[in-house]
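K.L.:
Provided herewith is a single structure, encoded as structure tokens, for subsequent inquiry.
In the working numbering, the protein residues as written are 851 to 1297.
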């Protein structure tokens, strides 16, 4: 495009012509485009990045030097971020160019492979939960929970405006939920826990016709497997509220199906398969009943037939979405985690049904055995909660928890401090070879 053409028609990336831009600025009373933005001088770009130019070799050397500053710790961390072995096939297949460089699958004629993979991801979640409809991902578990809360306001049978959540909830998850709740005017309230479990009596006392949604988790943020989810579902049903359950696909392979305890919506983070620990790189799952199909946020992949009668996949019911319905869309989310969902689907398929169950069983026996051995250490009582645990547990330490965490870090291990004398420990197959050294380190610092 010549310069003269651009002055008349704009460019493919900035289609406004100079005259159109001037007319818009005049309409809003602005002198120039820069005056529309309030950028502090301290962070405004002045034309120079202030970064010394380097060759590729020098840049690699500098990057390696910076990376060496990271602590080399064996992580017994959990609380939403879990390390499982990711097979090489996940990287190999997901790194193919048609997956890695793919844009949103709006053109089914050129995206059948990716659409099929996303359909399989949805199908896996439907099978694991026993519910009817899964979308092809949200950003993470926190945004999925927020979308469940706003879903409750689009269902005609629900008139309440209170959302009840466990008193123990990851801070980041609650903060995102509160952001979502601000628009529709929902109030977020906590109900108490008893020995790591939902206090059913206290929950029942809190619930009434003003409740829009009851949220529970299994496993909980402390790794406890919830035992009375059916009772939680009854409390929600008695209040004409949604019952939203938080979990993850590995746990769901072993625990009772959410549909069997009355769950209306299942949310959580599915990135425990396919990505390992990314500390912020999530994959939200959202599964619900068919009666709420047209209120589901995010994208849905459906199966159909092409003109030749062959099975084909396409994005379906797009009139729910922002790019079509604008402000009347079911959600402000206008993208998803398609590539991460692809990796999760590949990992789950590689494991197979029995492999997924085996992994889930290991997530029960491994923390149980580690807790029993830590309980033998002087100055440690583990776990503090009675009942089954999944991946992680909380232990009491006679020494201050923060001191324990710092002393363990000095010995190459990372755990969470979750109270003045409480630490949280997560154990998976990835940490198996380090457990002996970890127990020895705890014995050294806990006495």
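For glycine and all other residues, C-beta sits at the position ideal for the given N, C-alpha and C.
Per DSSP, residue 1239 forms a beta bridge with which residues?
P.N.:
1074
K.L.:
When the Cα of residue 1165 is compared with those of 1171, 1149, 1174 and 1178, which residue comes out closest?
P.N.:
1149
K.L.:
Can you grab the Cα-Cα spacing for the pair residue 1201 / residue 1124, in whole Å?
P.N.:
Using only the alpha carbons, I get a separation of about 11 Å.
K.L.:
Let me confirm a value: residue 1173 is counted as buried when at least 16 other C-beta atoms fall within 10 Å, else exposed. Which label applies?
P.N.:
exposed
K.L.:
What first and last residue would you give for the beta strand (DSSP E) that runs through residue 1039?
P.N.:
1037-1041
K.L.:
Quick one: is residue 1115 buried, meaning 16 or more other Cβ sit within 10 Å of its Cβ, or exposed?
P.N.:
buried
K.L.:
Quick one, are the C-beta atoms of residue 968 and residue 986 less than 7 Å apart?
P.N.:
yes
K.L.:
Looking only at its own chain, which residues have a Cβ that is under 6 Å from the Cβ of residue 1096, when we skip the five neighbours before and after it?
P.N.:
1067, 1117 and 1118
K.L.:
Does residue 1002 come out as helix, strand or coil in the three-state DSSP assignment?
P.N.:
helix
K.L.:
Is it true that the CB of residue 1017 sits closer than 7 Å to the CB of residue 1042?
P.N.:
yes
K.L.:
Quick one: measure Cβ to Cβ for residue 1139 and residue 1167, integer angstroms, because I've assumed they're closer than 8 Å.
P.N.:
At roughly 15 Å, the Cβ-Cβ gap does not stay under 8 Å, so residue 1139 and residue 1167 are not in contact.
K.L.:
Give the range of the beta strand (DSSP E) segment to which residue 1165 is assigned.
P.N.:
1161-1165
K.L.:
State yes or no: is the C-beta of residue 1112 within less than 7 Å of the C-beta of residue 1074?
P.N.:
no
K.L.:
Quick check on residue 964: buried or exposed, where buried means 16 or more other Cβ atoms within 10 Å of its Cβ?
P.N.:
Buried: at least 16 other Cβ atoms inside 10 Å.
K.L.:
Which partner residues of residue 1153 appear in the DSSP bridge assignment?
P.N.:
DSSP output for residue 1153 lists 1163 as bridge partner(s).
K.L.:
Less than 8 Å between the CB atoms is what I'm expecting for residue 1019 and residue 1071, so what's the real figure, rounded?
P.N.:
Between residue 1071 and residue 1019 the Cβ distance is about 6 Å, and since that is below 8 Å, they are a contact.
K.L.:
For residue 855, which of helix, strand or coil comes out of DSSP?
P.N.:
Residue confidence is low: residue 855 scores 47 on pLDDT, short of 50, so the model does not pin down where it sits. Its coordinate-derived value is still stated next. Note: residue 855 maps to helix in three-state DSSP.
K.L.:
What does the alpha-carbon distance come out to for the pair residue 1146 and residue 930?
P.N.:
24 Å
K.L.:
In or out: residue 1023 buried (at least 16 other Cβ within 10 Å) or exposed?
P.N.:
buried
K.L.:
What's the gap between the Cα of residue 1026 and the Cα of residue 994?
P.N.:
Residue 1026 and residue 994 have their alpha carbons spaced roughly 10 Å apart.
K.L.:
Among 1152, 879, 927 and 917, which has the Cα closest to the Cα of residue 1259?
P.N.:
927
K.L.:
From residue 1262 to residue 924, what distance separates their C-alpha atoms?
P.N.:
6 Å
K.L.:
For residue 1015 versus residue 1040, is the C-beta distance shorter than 7 Å?
P.N.:
yes
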